[in-house]
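In my numbering, the protein residues as written are 20 to 207.
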């Protein structure tokens, strides 16, 4: 029965504290194969005036508000792409972002993706079945899968086309996207 204690400066949001406990529970469970029901966490909060680092008092700043987690970042990006809000989608990408779709080769800019996709379909949307996150040291992998639906260039509808998107999130930005889907099979 693992018991984990974490000390934080008072001031972090409830959402951030709950996400921290959830992610740490996953880490403990995956490391020592413990039943999640047997893992206990205690967050101890220290008043800002009772804490110093580097000889200076510190207080939670912008990090006190929970930043979007990796899954939320991916969903925001995919929603922005479906809505063709390229400004928002671009703001979520790391400077060295790369993406690859079936048959596309590696691309690094959203305008490349739009040019490549033009003529393949009028539009495509995603129906999610599940999203999984996994921490991998310096980044988090987010894998989502489900079904695509939309219209071919001639206006014919398609639906139920399987997809898998794999993202890497580093420093709060999307750094890599790899996509697998059955659009070519559905088109045939």
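A virtual CB, placed ideally from N, CA and C, is assigned to each residue, including glycine.
Within 10 angstroms of the Cβ of residue i, are there 16 or more other Cβ atoms? Answer buried if so, exposed if not.
i	result
residue 37	exposed
residue 187	buried
residue 195	buried
residue 73	exposed
residue 161	buried
residue 69	exposed
residue 174	exposed
residue 76	exposed
residue 124	exposed
residue 58	buried
By the three-class DSSP mapping on this structure, what secondary structure does residue i have?
i	result
residue 53	coil
residue 76	strand
residue 199	strand
residue 194	strand
residue 169	strand
residue 39	helix
residue 95	helix
residue 34	helix
residue 59	strand
residue 29	coil
residue 90	helix
Compare the Cα-Cα distances from residue i to each of the options and report the closest residue.
i	options	result
residue 113	29, 190, 52	190
residue 60	110, 68, 45, 52	45
residue 159	101, 180, 93	93
residue 67	57, 118, 79	79
residue 21	49, 30, 136, 31	49
residue 29	151, 91, 71	71
residue 104	88, 129, 87	129
residue 117	136, 39, 102, 185	185
residue 90	52, 24, 151, 156	151
Under 6 Å Cβ to Cβ from residue i, same chain only, skipping five residues before and after it: list those, please.
i	result
residue 132	126
residue 107	99
residue 120	198
residue 143	167, 169
residue 205	177, 180
Please list, in chain order, all residues of the same chain as residue i whose beta carbon is under 7 Å from its beta carbon, the five residues on each side excluded.
i	result
residue 26	63, 65
residue 164	148, 149, 182, 183
residue 115	194
residue 96	108, 111, 193
Suppose the cutoff is 8 Å on Cβ atoms and the five residues either side in sequence are ignored; what does the same chain contact list for residue i look like?
i	result
residue 11	Outside the shown range of the chain (20 to 207) lies residue 11, about which nothing can therefore be said.
residue 122	203
residue 41	none
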